Every structure is written in C-alpha cells, then in structure tokens.
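Colleague: Okay, handing you the structure first.
In the working numbering, the protein residues as written are 6 to 438.
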C-alpha cells in the first residue's frame, strides 16, 4: 500500500471513530497524549516551557493544541491552523419517543446545520454523543461519551407508488418526513424509554442517573477508498474532519520552531460558530493571550505577537462537479487530487487577500505541493467558514483553504486520496517556518 493510500485509510479510520465532535476531540486527545503533549485545564495555573507541547479542550467538543516556540512569542508570533469538529446531522430532541399506530417507535429529531436531507434516507444509522449523569457536585455533572455503534435507526422513504412525483423533486418536511424509525413496539417489554434504556445499558448505569444528553445520528457504514485507481475517499464528515486530521498530524510530526505553533479545532461551525467553543467566541484569543502572559509577556507583547502571526483557516472546498460543470467559475475550477484550494471572495466570505494568498502559495511551493483556487460564480452566493469569523476576534493575517471535494454536506462526501497527503505536507511546511 502506498503512503498516500495508507494516510487516506488512517483518515477514514479516524472519521469512523469520530461520529460526533465529542468523539473527534477524544480521539485527538489520545493521539496528542501518545505524541508527548500535556493536557492543560482551564481552571489550573499553567506552567509553560519553551518547546513544550500542550493542549486544552472546551466543552469536550473543541480543542487547541500548541507547541511553544523556541523564540520569544512577541518576536515570532503564532502560526495557527484552524478547522472544525462538527458536521451536519440530526440531533435527538428531549422526550424523543413517538409511537405510531401502536406499532412503531420513532425518534423526534432536529436538523443540525445544513445537510443534504434526502441523502439520509434509507441508510442504516447509529447514534452517538454525550450523556450528562448525576454527580456529587450539582454544578459539574458527570459526562460520558456514548457510541451505540449498531444500525438501530433508519429514515424510510415513502414508496414511489404512494409518492408518484418523487423523482420530479419533493420537499422533505423536517418534522414529518425525516424522523428515524427506532423499533417495533414489543408487547412483552415495558413500554416507553426505549432510548434511555439503550443508553443506560451501553453506559452500564441506571436510567435514573441520566439527566440529559447531546445525541446525534450518523451513518453506520464506514467510509472507503474507491475509484478505478483507488483515487477517491468516500466518507461521511470529510467536511471538516479531514482538516482536523491533517492539522493534528502536522503539529505532532513537526519539531518546535521559533514561533509558537497552534492547531485549533472549533466546534459549531455548521450552525454559525456563535458558542463558547465556536470561532465566534474569544476562546482562541483568550488562549493565545494566556500563552503570552504565562511565558512572561504582557498585553502589549501579546499585541506585538499578533502582528507577527498568521492563520490558515482550513475548511474544504468545492471540486468541479462532473455533472454540473456550469456551476463553477469560468476560470477557477479546482479538481480532486490536484492539491489544496485557496478560496477567494470579493466580499470576504473568505479571508484570503493577495498578501495572505502569497504566503500560502509559497508554503505549497516549498513543500512541493500543487495548489488551486476557488471563486464562486458571480451570480452564485457561496458559503463561509471559520476564517472571517475568527478575524472579528483576532486581527491576524488569514488565508482560507481546503481540499476539493464533491457532495459537501451529503451524508457521504467524496474527496481525493492524494489531496489529503498534499494538504498535510503544506501544514508541516507551515509549522517548520
């Protein structure tokens, strides 16, 4: 197996073991600890050392890893890569069980983010997330991750015989058409609380200990490498766990440089980032300032450090679509396996400008990595990402990049095997500067 295929398979394994943002952070933590990083707690006093490797988490769903530079932070600044841990899905509502005709049990769910809804139909689904349990301290419940890694749910389509216009395009009602089937009602079992009992069994606790939960649906089937020449990665959550995986691999594989290297994995990008663990918070700014202060600097030196800093906002990009090439800009058409994509927008939906673009282009050249550019058609409105949001809290030069992919926000996205190695190489080169 080639190194590119091996690295792509490692990504697929990471994604499958990370069905939610909580699990992604847990797996990143395990990787960092194995690589000699020390976990810091926000409430404790920090003692940082030059060339030291550290990480801190927020809400169990966001993480900031950093390697303290060998030089002074105010002279060398921060080299930051940012990505996000969440993906579009369905969240389970409180009191979720709905019985139908005294026959079926389905779950009441709410759409999280902007998934392509019809891709979730007729697929075996599993459920995972975080459960809050009773503890001795009311202010701090005991939280446990849960992954019921079984095909226990499905959202069945309505047969074409009862929905004759389905192939002409049907709008799916989120409250009616997209509720997953959990079980048949079993007259021999005690009715009600099917889900809570399943959670209790999985965690080996009593139902009475469960206070609340953050539970999400995910596709049960694992991703794969595919294509006639094994050139594609087919997987859920490539947006944006591919960038999380590449960034974490890069920071753990790179020796300390003069600047302080930072990898930030935000949560909640798919719903606007306006949470305590999202890019539209002071989480990153506070951590960077705290690093400066603990290393003996003051607030002025923090501002000096920011002026020497640079952010790569890493969130995937749209590849040229084989069936809809007209949807792309006439002169900027990124394709799969031709390298990371620099994303540009006149209205600053992406933070890239000529200065920050030049920096990343030179990084790619030094790494021997090809690169491409993406601009929306002038008559199409595109999306945005963590870059512009982070810039409202930190006035640091920033570029928006990502690997080209198809079917963004589908339950099953498609990326390139070579691209994952390309982008990781560019991240390593950045951290070496």
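Don't be surprised by glycine CBs; every beta carbon is placed ideally from N, CA and C.
Since we're looking at a predicted model, the values are computed, not measured.
May I ask which residues mark the beginning and end of the beta strand (DSSP E) holding residue 79?
Modeller: Per DSSP, residue 79 belongs to no beta strand (DSSP E); it is in the alpha helix (DSSP H), 78-81.
Colleague: If we ignore side chains and look at the alpha-carbon of each, how far apart do residue 353 and residue 221 end up?
Modeller: 32 Å
Colleague: Residue 11 to residue 37, Cα distance in whole Å?
Modeller: 20 Å
Colleague: Hey, residue 229 and residue 85: beta-carbon distance below 9 Å or not?
Modeller: no
Colleague: List, from N- to C-terminal side, the beta strand (DSSP E) runs of 3 residues or more that fit wholly inside the region 229-285.
Modeller: Taking 3 residues as the shortest admissible run, the region 229-285 contains the following complete beta strand (DSSP E) segments, listed from N- to C-terminal end: 229-231, 237-240, 265-271.
Colleague: Let's see if you can read the secondary structure: which residues bound the beta strand (DSSP E) around residue 60?
Modeller: 58-63
Colleague: Alpha carbons only, please: which of 170, 306, 109 is nearest the one belonging to residue 159?
Modeller: Considering only alpha carbons, the answer is 109.
Colleague: Please confirm whether residue 264 and residue 314 have their CB atoms less than 9 Å apart.
Modeller: yes
Colleague: Near residue 126, what residues of its chain come up, given a Cβ to Cβ distance below 6 Å and the 5 sequence neighbours on each side ignored?
Modeller: 160, 162
Colleague: Identify whether residue 392 lies in helix, strand or coil by the three-state DSSP scheme.
Modeller: Assignment of residue 392 by DSSP, reduced to helix, strand and coil, places it in the helix class.
Colleague: State the Cα-Cα distance for the pair residue 100 and residue 272, rounded to the nearest angstrom.
Modeller: Straight-line Cα distance between these residues: approximately 25 Å.
Colleague: Using three-state DSSP, classify residue 13 as helix, strand or coil.
Modeller: The answer is helix: DSSP assigns residue 13 an H, G or I state.
Colleague: Using CA coordinates, which residue listed in 339, 404, 311, 301 is at the minimum distance from residue 52?
Modeller: Among 339, 404, 311, 301, the Cα nearest to that of residue 52 belongs to 301.
Colleague: Residue 291 by DSSP, collapsed to three states: which one?
Modeller: helix
Colleague: My assumption, with CB atoms under 8 Å, is that residue 379 sits in contact with residue 348. Please give the rounded CB distance.
Modeller: 5 Å
Colleague: If you pair each beta-carbon of the region 121-139 with each one of the region 290-298, do three or more pairs fall below 8 Å?
Modeller: No contact exists between the region 121-139 and the region 290-298.
Colleague: Which residues in the same chain have their Cβ closer than 7 Å to the Cβ of residue 27, if we skip the five residues on either side of it in sequence?
Modeller: 65, 66, 134, 135, 150
Colleague: Do you know how far the Cα of residue 185 is from the Cα of residue 82?
Modeller: 49 Å
Colleague: Which whole-angstrom value describes the C-beta separation of residue 251 and residue 425, a residue pair presumed to lie in contact below a C-beta threshold of 8 Å?
Modeller: 6 Å
Colleague: Per DSSP, what kind of secondary structure is residue 6 in: helix, strand or coil?
Modeller: coil
Colleague: Please go through the region 331-412 and give each complete alpha helix (DSSP H) segment of 4 or more residues, from N-terminal end onward.
Modeller: 359-372, 391-396
Colleague: When the Cα of residue 382 is compared with those of 62, 351, 391, 372, which residue comes out closest?
Modeller: Check the Cα spacing between residue 382 and each of 62, 351, 391, 372: the tightest is with 351.
Colleague: Alpha carbon to alpha carbon, how far is residue 343 from residue 390? Give it in angstroms, no decimals.
Modeller: 22 Å
Colleague: By alpha-carbon positions, which one of 216, 190, 34 ends up nearest to residue 144?
Modeller: For residue 144, the closest alpha carbon among the candidates 216, 190, 34 is that of 216.
Colleague: One question on the structure: do residue 71 and residue 267 come within less than 9 Å of each other, judged by their Cβ atoms?
Modeller: yes
Colleague: Using only the alpha-carbon positions, how far apart do residue 205 and residue 58 sit?
Modeller: 37 Å
Colleague: Using the Cα positions of residue 385 and residue 182, report the straight-line distance between them to the nearest angstrom.
Modeller: 29 Å
Colleague: In or out: residue 45 buried (at least 16 other Cβ within 10 Å) or exposed?
Modeller: buried
Colleague: So what's residue 326 in DSSP terms, helix, strand or just coil?
Modeller: coil
Colleague: Below 8 Å, can you find three or more Cβ-Cβ pairs linking the region 368-377 to the region 274-289?
Modeller: no
Colleague: What does DSSP give as the partner residues of residue 210 in its beta bridges?
Modeller: BP columns for residue 210 are empty, so no partner.
Colleague: Below 7 Å CB to CB, which residues in the same chain sit around residue 179 once its five sequence neighbours on both sides are set aside?
Modeller: Apart from sequence neighbours up to five positions away, the residues of its chain that approach residue 179 with a beta-carbon distance below 7 Å are 116, ordered along the chain.
Colleague: Could you round the C-beta distance between residue 356 and residue 393 to whole angstroms and report it? I think they count as a contact, below 8 Å.
Modeller: 5 Å
Colleague: Could you please give me the residues that DSSP links to residue 203 through a beta bridge?
Modeller: According to DSSP, which records beta bridges pairwise, residue 203 is partnered with nothing at all.
Colleague: Nearest-angstrom Cα distance between residue 223 and residue 246?
Modeller: 14 Å
Colleague: Would you kindly check if the distance between the Cβ of residue 243 and the Cβ of residue 324 is under 9 Å?
Modeller: no
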